[in-house]
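Colleague: Residue numbers (the UniProt record's numbering): 1 to 597.
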């Protein structure tokens, strides 16, 4: 299996044998998947009404049971109380444990991600030995105190202070944090504060005992649109004492810890949207097969079938990207360990390397969950708007995913920003391929009819052309604005849209091809159709966003030439038939009475 660097998918041809798909789970992973599904079906799905009625104690109880089952420490090494199964398995557990309610999904994500990983990735050996066994077993829960009333997306602007006491043994913390997930039942908090006039914040591990609050006061539970049984409170610090040995990493490294913790959180959030989407599709299909209007099941209507197909194609695509990126990260961790790196450093390096892919998956996954839940309500009609069906709570729970772990707007800007930084550091050569694309616009295009007899060969050729479109747009944008590019946010957003569509479309196509190789073209007919439908949508969106960008930064003959280039890069030789593709997908899920991929 060839390993590529983060962001390198834009300049390299990726083969299906170089990616991992969820159909390749090993026996241990399949057993883990079955155990998580059984756990959710037993402990969570039957209690959906209690979760909607703000039963915070139930969320805590489910989390404790998840700890007993080993679900809270899947990738943490055994010496710290985990089960050391690796990152792909962590994604698998996150995927299936988040499916029935966003309240459990959020509690799980906050605890295992930003509540636990900073200690594992940045803690001293003593800190890891002291805290990780409690966190992985569910004896104690973690929370992450970063956001403040005046510091949301601009995380480094927090006003919470840390002052060294006169005896030099403690830091005295004063300030206020808000939107703190798990605050109502957490006992180990990662707290970010500023020491003196430091440029960057510093991270600390704080132990919290309700019987001896140490200057810590919790606000009331927030009244939220969704994730209603996820504990979310403000946390106030008044001369709270934290021992100096509980500083996490070094002074002023807090901002770096915050950013790198978010990389892990982002890709896991994408996975957390997956099985929730699968379940919504299944509920929608079951309802459509049972609901009769005009003397026939509504699943027989083309308007409903279009929804099933689009929901399924987006969910399939998210699945493809999540496990593709997870395995890339796992491969890099394994290579780091083989090279003699500590587990800490190997994971840190891998998450930093694939930060672009993590942001892409966060954006796409959160928008898939919102789309699927919204279509679920529409399929249920008036019943979908009722609290008696699971659709309205799914829709409300999905809404937060576009905000936390960095808003989708921030993440879109980050994807392009991180890519350009890699190019400037010569970690990825974007300049040479961008210049080749520019030169090709001046030449005469080939009018030869290519041979697309091989499975998905035209689709792969289309992805290669979309990569050229992105290089043309981003290359010209950098050439035009240089270091001022970051002040042209709408242009960056347009470029980011193309970049996201490329990664996701390529992931789906490679997954479909691999499934066909693992089974047969006939057996993989629907996976192929979903990949083709998703690509059709990606090409349409790329054409629109590309045009918007080109018209913004060019004019006259140059603009005409670039628009002609864009047209060439977004034109099929043989147009796909999206209506026919949707019928293939819809007929399959209707016959199976569930999402079955």
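Think of the CB as a built atom: it goes at the ideal place given N, C-alpha and C, for glycine as much as any other residue.
1) To the nearest angstrom, how far is it from the Cα of residue 286 to the Cα of residue 370?
2) Quick one, are the C-beta atoms of residue 192 and residue 160 less than 8 Å apart?
3) Whole angstroms are fine: how far does the CA of residue 190 sit from the CA of residue 237?
4) For residue 390, count neighbouring Cβ atoms within 10 angstroms of its own Cβ and tell me buried if that reaches 16, exposed if not.
5) Going by other Cβ atoms of all chains shown within 10 Å of its Cβ, with 16 needed for buried, is residue 598 buried or exposed?
6) How is the alpha helix (DSSP H) around residue 503 delimited, first residue to last?
7) Within 10 angstroms of the Cβ of residue 462, are there 16 or more other Cβ atoms? Answer buried if so, exposed if not.
8) Does the beta-carbon of residue 579 have 16 or more other beta-carbons within 10 angstroms, so that it is buried, or is it exposed?
9) Spell out whether any CB of chain C is found under 8 Å from the CB atom of residue 574.
10) I'd like to know whether the C-beta atoms of residue 319 and residue 22 end up nearer to each other than 8 Å.
11) Mind pulling the alpha helix (DSSP H) runs of 4 or more residues that sit fully within the segment 20 to 74?
12) When the Cα atoms are used, what is the spatial distance from residue 299 to residue 149?
13) May I ask you to report which of helix, strand or coil DSSP gives residue 442?
14) Hey, how far is the Cα of residue 423 from the Cα of residue 7?
15) Check residue 570 in the structure and name its three-state DSSP category.
16) Unbroken beta strand (DSSP E) runs of length 3 or more, entirely within the UniProt domain "Acyl-CoA oxidase/dehydrogenase middle" (143 to 239): which are they?
17) Are three or more beta carbon pairs between the segment 275 to 282 and the segment 224 to 244 nearer than 8 Å?
18) Please determine, among 169, 199, 245 and 181, the residue with the shortest C-alpha to C-alpha distance to residue 123.
19) Taking the DSSP output, what are the residues bridged to residue 248?
20) Quick check on the DSSP output: the alpha helix (DSSP H) that includes residue 466 runs from which residue to which?
21) I think residue 570 touches residue 589, with their Cβ atoms under 8 Å apart; what is that distance to the nearest whole Å?
22) With a cut-off of 8 Å on the beta carbons, I'd call residue 52 and residue 387 a contact; round off their distance for me.
23) Just the C-alpha distance for residue 265 and residue 405, rounded to the nearest angstrom, thanks.
24) Which residue from 43, 106, 208 and 480 puts its Cα closest to that of residue 235?
25) Restricting to Cα atoms, I'd like to know which of 527, 3, 398 and 277 is closest to residue 456.
26) Have a look at residue 166 and residue 252 and give me their C-alpha separation to the nearest angstrom.
27) Thinking C-alpha only, which one of 107, 13, 27 and 83 is nearest residue 58?
28) What's the gap between the Cα of residue 24 and the Cα of residue 88?
29) Expressed to the nearest angstrom, what Euclidean distance is found between the alpha-carbon atoms of residue 476 and residue 183?
30) Runs of 4 residues minimum, wholly inside the segment 331 to 400: which ones carry the alpha helix (DSSP H) assignment?
31) If you drop the 5 nearest sequence neighbours on each side, which residues of the same chain put their C-beta closer than 6 Å to that of residue 100?
Modeller: On the basis of the data shown:
1) Between the alpha carbons of residue 286 and residue 370 lies a gap of roughly 20 Å.
2) With contacts defined as CB atoms closer than 8 Å, residue 192 and residue 160 qualify as a contacting pair.
3) Straight-line Cα distance between these residues: approximately 13 Å.
4) Counting of Cβ neighbours within 10 angstroms places residue 390 among the buried residues, the total reaching 16 or more.
5) This structure cannot settle anything about residue 598, because the visible part of the chain is limited to 1 through 597.
6) Counting along the chain, the alpha helix (DSSP H) containing residue 503 begins and ends at 489 to 518.
7) So residue 462 ends up on the buried side.
8) Around the CB of residue 579, fewer than 16 other CB atoms lie within 10 Å, so the residue is classed as exposed.
9) In the displayed structure, chain C is absent; only one protein chain is listed.
10) The Cβ-Cβ distance between residue 319 and residue 22 falls below 8 Å.
11) If we require 4 residues or more, the alpha helix (DSSP H) runs fully inside the segment 20 to 74 come out as 27 to 43, 48 to 52 and 56 to 68.
12) Distance between the alpha carbons of residue 299 and residue 149 is about 47 Å.
13) DSSP places residue 442 in helix when its eight states are reduced to three.
14) Taken atom to atom, the span from the alpha-carbon of residue 423 to that of residue 7 is near 10 Å.
15) Taken through DSSP and simplified to helix, strand or coil, residue 570 comes out as coil.
16) 161 to 164, 170 to 181, 188 to 195, 202 to 207 and 216 to 218, all fully within the UniProt domain "Acyl-CoA oxidase/dehydrogenase middle" (143 to 239).
17) Result no; under three Cβ-Cβ pairs closer than 8 Å.
18) The shortest Cα separation from residue 123 among 169, 199, 245 and 181 belongs to 245.
19) According to DSSP, residue 248 bridges with 203.
20) Taken as a continuous stretch (DSSP letters only), the alpha helix (DSSP H) holding residue 466 covers 457 to 481.
21) Not really, about 29 Å apart at Cβ, beyond 8 Å.
22) Between the beta-carbon of residue 52 and that of residue 387 there is about 7 Å, and that keeps the pair under the 8 Å contact cut.
23) Distance between residue 265 and residue 405, taken at the CA atoms: about 6 Å.
24) Residue 235 has its Cα closest to that of 208, out of 43, 106, 208 and 480.
25) Closest option to residue 456, Cα to Cα, is 527.
26) Cα to Cα, residue 166 sits roughly 20 Å from residue 252.
27) Checked all of 107, 13, 27 and 83; the closest Cα to residue 58 is 107.
28) CA-to-CA, the gap between residue 24 and residue 88 works out to about 11 Å.
29) The straight-line gap from Cα to Cα measures roughly 47 Å.
30) If we require 4 residues or more, the alpha helix (DSSP H) runs fully inside the segment 331 to 400 come out as 343 to 353, 355 to 380 and 391 to 399.
31) Sequence-distant Cβ neighbours of residue 100 in its own chain, meaning closer than 6 Å and more than five residues away, are 40, 44 and 45.
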